[in-house]
């Protein structure tokens, strides 16, 4: 393709003239018409994006472009962006060889395309600094804003813009996510969807040559459906602007960040993955914390923190945890984990201990904290009454408790009680009305599919029906609570 | 019951005279005849132990004892240990109120019972120092060795001695376990059984007033079916003797220890759970490490480490990890976790990189280490060939790799390949013949029951059929490998 004429690139359509300086990303997440450049009969070509929007039921126009074809599998193919019949384009998805991308970007400028997603890879991450410079130059020449290169692009559950090539997700959500890895981005979407938690905006941002993490942060900050923001960062780009955007955003919404490239080898691998510099991890994490971020160290923490905040954004009033379990060993275990994360496990008030002693015998039980309800804890009626009393204790800011739905069938039979899981849900519904966060651990003690299914059904109800964050690995729960307490303090200082 | 006469307690049967100074625990794990003292119609009385041995199919004699009954649900009840028809007893299980336990112990001495399990609680852990002293005195008066009080007792898969009241486990195993929490002990048994890993000897040891962790360690050290020893400790008892026994044992077999009571609150909770002093955690863990122990910080680590060593006790030759994945993000992630645990991720030799480049195109792939096979990694033929080449690399001591069985059906359809999981198993079988440990992560990206089932089936095959430790949470894998490398160094120093 010929480079765009200077005259053309210097006079973009009026409405886009100042776009480089703004971050109005609305049209990126809610595009009206999409062009896909680089489609062929090869299923891994751009045609997969055309299909992705058929799968998601995207209601706008999708315009596949390739001068070599007139149609592919019954879909009309347009010869060029400028061709007759191609309307104004909000988003162009580019899937052509790296060397051809700059020319396509110039075509986008000419056409006045608002956003281009560059799916193509082969720039800095492949050591091709020459192509990298050429692409930067092309982007700078006109109004089209660019996401990528080397990224999957954008997903929005509501607008149905989509980069998932296999399946569709139906759940609306309140999480917006930016990730520098397509695989990790898809993994988070799938993981959360599988437990009934939808996501709202999702970006697989790749090398972030133009539209930056800061741009996305600022957009999500003001976007009304986003309640929780999650970032997976490999490289840091313009650190100063990013930290400024982070500070603006954490004043309004929680931001969970998993920063990878933590080690020498990880940083090198990150560079060959998304082409950027990882920076010193310790310095970065310290800066992120100072700007109000909640730090996740790995995928599993990011997933668990995101799921917890998606269902309940309430911050604990303080760091005093009430632990409610059945069993001495698990009480010792959770107390250790909680204390190791600088949270308190205060003794309950004498009044609370007295109230518990009124209906629970002092046989293999303990009412100080951790509270061990012994065998009585397996009876929903006792459990519910105790849970509410402990949640009401003035020494307690947040409750951490354990249920084991995989054992419910056995308890139902041996205690002749029906629907134990229902009764436990009811107990939690009543306790949560006290107004303090309650966190749940399902304490898996079997990987058998039938036991997993019982946990799975109970987990979905806890998350969806009553907004009880359910994290089975206590170190994750304690780490999140520790950070939420700090985040609350941060907000009080920042906003005073 | 009247206290035993001094004459009687001073002349125990000859064969038991020196038992207090020995630790021949064989009859504890392989008892011929068992008495259960404190049985009634109440299902939580000692009768549950009688039933437990019916469930497990214990082939020896079980003699329920209570002077108030002549039979319970068709089972003959004996009036006393000394009654006619009660033979020599290897193990008496005591489930009577705490205040009556010392007298029963004296009866055991009189009868020459080899071992007594005291299930009853209500001693130091309940603040009853008086009863605690009285029981210690009674134990000292005669030959019967005591496990507990406040413990469930002993399980052996082979002899069918059993403390599980609900179900039976059929799998033979090579793990022997001592735990100071019945709940935690049962949880580990169930967790491992559910993934096809049996346990050999299991002890829920309670307060450990007489038979100690050191006694169990020394017995397991010499016991031929035990290949891996796992301990859950709350209090430390006779620290000097324990550390000596630990050192003797780790020279022969790996010992995994989870020490709880790590925090102030945890230590207090431990004291009201099993009645002992937890000691300073930092000092203890340091001492345990110096004596060759592998440290787990929580239940999940203990479970994952135990499962890994049960299927493969080979120690890596060094700390150089080869990482084999499909996807740039997961490569960065695993490299970070591995490096953060002081393991190396060395660049593969040029020869290895060349061999990989001969059949895998350099498109979104990387052959340095972490090795990202890109889309080619999903094809078992490519994966298997690459895995073997990387395992053979002289720079690699241990391989860490990822498979995603939950995605296999989709790949089978889209790539028109049958039985991808079988082909992956075959690939691992071939690579493992190189002679280096291979660790697997199944990289869960969905909690849906149908996806869990696919992972579950694959996991069991990896563990059981080919001995590939399968840990999905990479920080656990890295932590275990880090400690196995140190354990190997420790052995080289100790045994030189």
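Residue numbers (the working numbering), protein chains in the order written: chain Y, 24 to 519; chain P, 24 to 519. Each residue gets a CB set at the ideal place from its N, CA and C atoms; glycine is no exception.
Can you name, in chain order, every residue of its own chain whose Cβ lies under 6 angstroms from the Cβ of residue i, other than the five neighbours on each side?
{"i": "residue 174/P", "result": "227, 228, 229"}
{"i": "residue 476/Y", "result": "none"}
{"i": "residue 109/P", "result": "86, 101"}
{"i": "residue 511/Y", "result": "338"}
Would you say residue i faces chain Y, with C-beta separation under 7 angstroms as the test?
{"i": "residue 355/P", "result": "yes"}
{"i": "residue 471/P", "result": "yes"}
{"i": "residue 351/P", "result": "yes"}
{"i": "residue 123/P", "result": "no"}
{"i": "residue 479/P", "result": "yes"}
{"i": "residue 218/P", "result": "yes"}
{"i": "residue 475/P", "result": "yes"}
{"i": "residue 424/P", "result": "no"}
{"i": "residue 372/P", "result": "no"}
{"i": "residue 207/P", "result": "yes"}
Could you name the residues of chain P that residue i contacts, counting a contact when the two beta carbons are closer than 7 angstroms?
{"i": "residue 368/Y", "result": "288"}
{"i": "residue 274/Y", "result": "Result: empty, since nearest Cβ-Cβ is about 29 angstroms, beyond 7 angstroms."}
{"i": "residue 488/Y", "result": "Per Cβ cutoff of 7 angstroms: no residues; residue 488/Y is ~17 angstroms from chain P at best."}
{"i": "residue 213/Y", "result": "468, 469"}
{"i": "residue 529/Y", "result": "The first residue shown for chain Y is 24 and the last is 519, placing residue 529/Y beyond what the model contains."}
{"i": "residue 257/Y", "result": "355"}
{"i": "residue 307/Y", "result": "By Cβ distance, chain P contributes nothing, its closest Cβ being about 13 angstroms from residue 307/Y, past 7 angstroms."}
Let me confirm a value: residue i is counted as buried when at least 16 other C-beta atoms fall within 10 Å, else exposed. Which label applies?
{"i": "residue 28/P", "result": "Unreliable positioning characterises residue 28/P in this predicted model, as indicated by a pLDDT of 39, which lies under 50. A coordinate reading is not provided."}
{"i": "residue 32/Y", "result": "Low local confidence applies: a pLDDT of 36 at residue 32/Y is under 50, so the model's placement there is unreliable, with the coordinate-based value given in what follows. Its Cβ being crowded by 16 or more others within 10 Å, residue 32/Y is buried."}
{"i": "residue 518/Y", "result": "exposed"}
{"i": "residue 186/Y", "result": "buried"}
{"i": "residue 392/P", "result": "buried"}
{"i": "residue 508/P", "result": "buried"}
{"i": "residue 324/P", "result": "buried"}
{"i": "residue 352/P", "result": "buried"}
Keeping to the same chain, check which residues put their C-beta closer than 7 angstroms to that of residue i; ignore five residues upstream and five downstream.
{"i": "residue 314/P", "result": "266, 269, 270, 273"}
{"i": "residue 443/P", "result": "403, 431, 434, 435"}
{"i": "residue 152/Y", "result": "none"}
{"i": "residue 248/Y", "result": "197, 223"}
{"i": "residue 489/Y", "result": "448, 451, 452, 455"}
{"i": "residue 362/Y", "result": "368"}
Can you pull the chain P residues whose beta carbon is under 9 angstroms from the beta carbon of residue i, in chain order?
{"i": "residue 496/Y", "result": "321, 323, 496"}
Beta-carbon within less than 8 angstroms of residue i's beta-carbon, same chain only, minus the 5 sequence neighbours each way: which residues are those?
{"i": "residue 264/P", "result": "235, 237"}
{"i": "residue 516/Y", "result": "none"}
Find the residues of chain P that neighbour residue i, judging by a C-beta separation of less than 8 angstroms, and give them in chain order.
{"i": "residue 360/Y", "result": "321"}
{"i": "residue 363/Y", "result": "285, 286"}
Check the C-beta distance from residue i over to residue j and give it rounded, since I have them as a contact under 8 angstroms.
{"i": "residue 278/Y", "j": "residue 252/Y", "result": "5 angstroms"}
{"i": "residue 367/P", "j": "residue 387/P", "result": "Contact doesn't hold; Cβ gap of about 25 angstroms is too wide."}
{"i": "residue 334/P", "j": "residue 318/P", "result": "Going by Cβ atoms, the distance from residue 334/P to residue 318/P rounds to 20 angstroms, so no, they are not a contact pair."}
{"i": "residue 86/Y", "j": "residue 72/Y", "result": "With 8 angstroms as the limit, residue 86/Y and residue 72/Y do not qualify as a contact, their Cβ atoms being about 11 angstroms apart."}
{"i": "residue 140/Y", "j": "residue 161/Y", "result": "Incorrect: roughly 15 angstroms between the Cβ atoms, too far for contact."}
{"i": "residue 239/Y", "j": "residue 201/Y", "result": "5 angstroms"}
{"i": "residue 233/P", "j": "residue 177/P", "result": "Not quite, the Cβ-Cβ distance comes to about 14 angstroms (not below 8 angstroms), so this is no contact."}
{"i": "residue 375/P", "j": "residue 148/P", "result": "The Cβ separation is near 57 angstroms, so there is no contact."}
Please report whether the beta-carbon of residue i lies at a distance below 7 angstroms from any beta-carbon of chain P.
{"i": "residue 468/Y", "result": "yes"}
{"i": "residue 296/Y", "result": "yes"}
{"i": "residue 277/Y", "result": "no"}
{"i": "residue 500/Y", "result": "no"}
{"i": "residue 204/Y", "result": "yes"}
{"i": "residue 375/Y", "result": "no"}
Using a cut-off of 7 angstroms between C-beta atoms, extract the partners of residue i located in chain Y.
{"i": "residue 210/P", "result": "468"}
{"i": "residue 404/P", "result": "Simply none; closest approach about 19 angstroms."}
Name, please, each residue of chain Y whose Cβ falls closer than 8 angstroms to the Cβ of residue i.
{"i": "residue 387/P", "result": "144"}
{"i": "residue 76/P", "result": "Those do not exist, as residue 76/P stays about 19 angstroms from chain Y at its closest Cβ, beyond 8 angstroms."}
{"i": "residue 314/P", "result": "None at all; the shortest Cβ gap to chain Y is about 22 angstroms."}
Given that residue i touches chain Y, what residues does it touch there, using C-beta distances under 9 angstroms?
{"i": "residue 493/P", "result": "Residues of chain Y passing the Cβ test: none, with the nearest at roughly 11 angstroms."}
{"i": "residue 189/P", "result": "433, 437"}
Does the beta-carbon of residue i, which I'm using as the reference point, lie nearer than 6 angstroms to any heavy atom of the ligand FAD?
{"i": "residue 303/P", "result": "For the structure depicted, the ligand FAD is absent and the ligand set is empty, with no information on it obtainable."}
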